[in-house]
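Peer 1:
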Amino acid sequence: MNDVTVLNIVQPYLYDGKVNISDLENEILPQFSKQQGYEFVNILADHHIEIDYGDRPIDASAATKITESADSTQHHIPQQGPMLFGSEGNLSEVLNSSDFKRRVENNKIETDYHDNVELIKDYRDQDLTDKEKEDVRDQIWLVNKRLVQKVAYHYYKTHTTGSMSLEDLIVEGYFGLDKAIDMFDPSLGYEFSTYAVRWIKQHIDRAVKDTAYTVRLPVHVQESMAKLARLERENLTDDQIAEQMSISKSALHDLRTNRAVFQNMVSINLKIGSEEDGDTSLEDFLSYSNDFMHDDDEQSPEDLALKADEAEDISKMLHTELKTREEEVLRMRFGFNNQEPMTLEAVGKKFGITRERVRQIEEKALKKLKAYEARLEYE
1 MNDVTVLNIV QPYLYDGKVN ISDLENEILP QFSKQQGYEF VNILADHHIE
51 IDYGDRPIDA SAATKITESA DSTQHHIPQQ GPMLFGSEGN LSEVLNSSDF
101 KRRVENNKIE TDYHDNVELI KDYRDQDLTD KEKEDVRDQI WLVNKRLVQK
151 VAYHYYKTHT TGSMSLEDLI VEGYFGLDKA IDMFDPSLGY EFSTYAVRWI
201 KQHIDRAVKD TAYTVRLPVH VQESMAKLAR LERENLTDDQ IAEQMSISKS
251 ALHDLRTNRA VFQNMVSINL KIGSEEDGDT SLEDFLSYSN DFMHDDDEQS
301 PEDLALKADE AEDISKMLHT ELKTREEEVL RMRFGFNNQE PMTLEAVGKK
351 FGITRERVRQ IEEKALKKLK AYEARLEYE
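Encoded structure:
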């Protein structure tokens, strides 16, 4: 069960950022097992969606509806627990029980933004080791986790994000949070959370614009294309559009041409195969190095020696360009030294950090390697 699924399910029942207990017990949770129900409510908590336990008229036949709903969904919703909520016949008692509320609360990450200033002061302490600074940074991440998710979710619902998922936006939001941590000045007296929102939004917005097209376009060009699309929806003439944009008709024609070209490009990483054939990409299909044209078992000794040299070069690059934790994360995530690649969650457990933090470390490390590669091109 992922965040996007939960948020889409609960959206019709939201009022003032809350979901009423009667809607939860009558309409939503009967579809899921008890374990899924706990996960569902925890995801709501992560996104600041509260359960309203206030009085609200409930249909007298609610219990019957719950059972019927459970019976009707049992055929097409996989059960991960021993029974559906509704099949117990006492869903209201379960949801209102102190045990249920306790389990929900115990799985929340408590957000106390008042901790931010003290944590950032600790982070700026010159006497801290790199490891201690990373630990403090992780604490700031945890305190502001919901802030990042809230900003990302609002952006996701109010903007066109192209190929970027909600999870992608959250990751970019953490990059913005990192920038805010580095730039924030506690002596100015305002709240860190207020300051961080600007950086979180900025990083999300820039990431969306960077990935909106297969070939990266400068942001000012994308903004011109967005303005053009808005003016076209107003049914203006070309002369009026050119005047509004302060460009010539020739420049307007060029802008439309470029938009058509870039919007219809196809990524070479496009998946063109099915699950059965391993999600073959367009690059694999076109390349002579795919499985139909190349047999790994027939590699020459020269090829094997070259691969060994490449592996050694990569290992040296990781060691010299990355911090120890960044190197270890990449090795685990990509399965270096013939090891199985590890999931974000598995790596997180290894280091005792969240999977979001692992993803952020991975992204930062990859950006460092790309920068290193770019430097080599100019040497």
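For what it's worth, UniProt numbering labels the leading residue of the sequence shown as 1, then goes sequentially. Glycine residues also receive a C-beta, built at the ideal position from the N, C-alpha and C atoms.
For the pair the stretch 325-334 and the stretch 346-363, tell me if three or more CB-CB distances fall below 8 Å.
Peer 2: Because the criterion of three Cβ pairs below 8 Å is met, the stretch 325-334 and the stretch 346-363 touch.
Peer 1: Classify Asp16: buried if its beta carbon has 16 or more other beta carbons within 10 angstroms, exposed otherwise.
Peer 2: So Asp16 counts as exposed.
Peer 1: Tell me which residue opens and which closes the beta strand (DSSP E) that Lys18 is part of.
Peer 2: Segment Lys18 to Asn20, the beta strand (DSSP E) holding Lys18.
Peer 1: DSSP state of Tyr15, grouped into three classes?
Peer 2: If DSSP states are grouped into helix, strand and coil, Tyr15 belongs with the strands.
Peer 1: For the beta strand (DSSP E) holding Ile49, just list the boundary residues, first then last.
Peer 2: Element bounds for Ile49: n/a, residue is neither H nor E.
Peer 1: For Ala242, which residues of its own chain have a beta-carbon under 8 Å away from its beta-carbon, when the five flanking residues on both sides are left out?
Peer 2: Ser248, Lys249, Ala251 and Leu252, listed in sequence order.
Peer 1: Would you mind sorting Thr161 into buried or exposed? The rule is 16 or more other CB atoms within 10 Å of its CB.
Peer 2: With 16 or more Cβ atoms within 10 Å of its Cβ, Thr161 is classed as buried.
Peer 1: Check whether the stretch 192-207 touches the stretch 20-40, counting contact only when three or more Cβ pairs, one atom from each stretch, lie closer than 8 Å.
Peer 2: No, the stretch 192-207 does not touch the stretch 20-40.
Peer 1: Kindly provide the ranges of any alpha helix (DSSP H) runs that are 4 or more residues long and lie completely inside the stretch 329-367, ordered along the chain.
Peer 2: For the stretch 329-367, whole alpha helix (DSSP H) runs of length 4 or above, ordered along the chain, are 344-351.
Peer 1: Could you tell me how far apart the beta carbons of Leu119 and Gln149 are, in whole angstroms, since I believe they sit closer than 8 Å?
Peer 2: Not confirmed; about 19 Å, so no contact.
Peer 1: Is the beta carbon of Asp52 less than 7 Å from the beta carbon of Asn20?
Peer 2: Going by C-beta atoms, Asp52 is nearer than 7 Å to Asn20.
Peer 1: Between Glu326 and Ile170, how many whole angstroms is the CB-CB distance? I'm expecting something under 8 Å.
Peer 2: In fact, because the Cβ distance is near 20 Å, the residues do not count as touching under 8 Å.
Peer 1: Starting from Tyr174, trace the alpha helix (DSSP H) in both directions and tell me its first and last residue.
Peer 2: It spans Leu166 to Met183 - the alpha helix (DSSP H) in which Tyr174 sits, taken as one unbroken run.
Peer 1: If I'm right that Asp115 touches Val136 with Cβ under 8 Å, what's the distance once you round it to whole angstroms?
Peer 2: With a Cβ gap of about 11 Å, Asp115 and Val136 do not count as contacting.
Peer 1: Over what stretch of residues does the alpha helix (DSSP H) that includes Thr5 continue unbroken?
Peer 2: Run containing Thr5: Asp3 to Val10, per the alpha helix (DSSP H) assignment.
Peer 1: What is the rounded straight-line gap between the Cα of Glu363 and the Cα of Pro341?
Peer 2: Rounded to the nearest angstrom, the two C-alpha atoms are 16 Å apart.
Peer 1: Three-state secondary structure (DSSP) at Leu369?
Peer 2: Helix, per DSSP.
Peer 1: Verify whether the separation of the beta carbon atoms of Tyr372 and Glu321 is less than 7 Å.
Peer 2: Yes; because the gap between Cβ atoms is below 7 Å, this pair is in contact.
Peer 1: Taking Cβ to Cβ, would you say His220 is nearer than 7 Å to Glu172?
Peer 2: No, they are not a contact pair.
Peer 1: Judging by CA-CA distance, which residue of Asn144, Glu27 and Arg206 is the nearest neighbour of Ile181?
Peer 2: Ranking Asn144, Glu27 and Arg206 by Cα distance to Ile181 puts Asn144 first.
Peer 1: Under the three-state reduction of DSSP, which class applies to Asn144: helix, strand or coil?
Peer 2: Of the three classes helix, strand and coil, the one that applies to Asn144 here is coil, per DSSP.
Peer 1: Alpha carbons only, please: which of Ala229, Ser187, Ser246 and His48 is nearest the one belonging to Val151?
Peer 2: Among Ala229, Ser187, Ser246 and His48, the Cα nearest to that of Val151 is on His48.
Peer 1: Would you mind stating whether Asp23 and Tyr13 have Cβ atoms separated by less than 7 Å?
Peer 2: In contact: Asp23 and Tyr13 (Cβ atoms closer than 7 Å).
Peer 1: If we call anything under 7 Å between Cβ atoms a contact, is residue 381 one with Val208?
Peer 2: Nothing in the structure corresponds to residue 381, since the chain is present only between 1 and 379.
Peer 1: So Leu44 packs on Val6, CB below 8 Å; how close in whole Å?
Peer 2: About 7 Å separates the two Cβ atoms, so the contact holds.
Peer 1: Output the distance between the C-alpha atoms of Ala229 and Asp127, rounded to the nearest integer angstrom.
Peer 2: The straight-line gap from Cα to Cα measures roughly 53 Å.
Peer 1: Which residues in the same chain have their Cβ closer than 8 Å to the Cβ of Met317, if we skip the five residues on either side of it in sequence?
Peer 2: Excluding positions up to five away in sequence, the list reads Leu369 and Tyr372.
Peer 1: To the nearest angstrom, how far is the alpha carbon of Thr158 from that of Phe192?
Peer 2: Looking at the two C-alpha atoms, the distance is approximately 24 Å.
Peer 1: Tell me whether Asn235 sits in a helix, a strand or coil according to DSSP, three-state version.
Peer 2: The answer is coil: DSSP assigns Asn235 none of H, G, I, E or B.
Peer 1: Taking only three categories from DSSP, how would you classify Gln240?
Peer 2: In the structure shown, Gln240 sits in a helix (DSSP, three-state: H, G or I).
Peer 1: With a cut-off of 8 Å on the beta carbons, I'd call Phe184 and Gln360 a contact; round off their distance for me.
Peer 2: Not a contact, Cβ separation roughly 18 Å.
Peer 1: Compute the beta-carbon to beta-carbon distance between Leu166 and Tyr153, rounded to the nearest angstrom, for a pair I have assumed lies under 8 Å.
Peer 2: Leu166 to Tyr153, Cβ: 6 Å. Contact.
Peer 1: If you run the structure through DSSP and keep just helix, strand and coil, what is Tyr190?
Peer 2: Tyr190: coil per DSSP, three-state reduction.
Peer 1: Between Asp130 and Glu27, what straight-line distance do the alpha-carbon atoms span, to the nearest angstrom?
Peer 2: Their Cα atoms are separated by approximately 50 Å.
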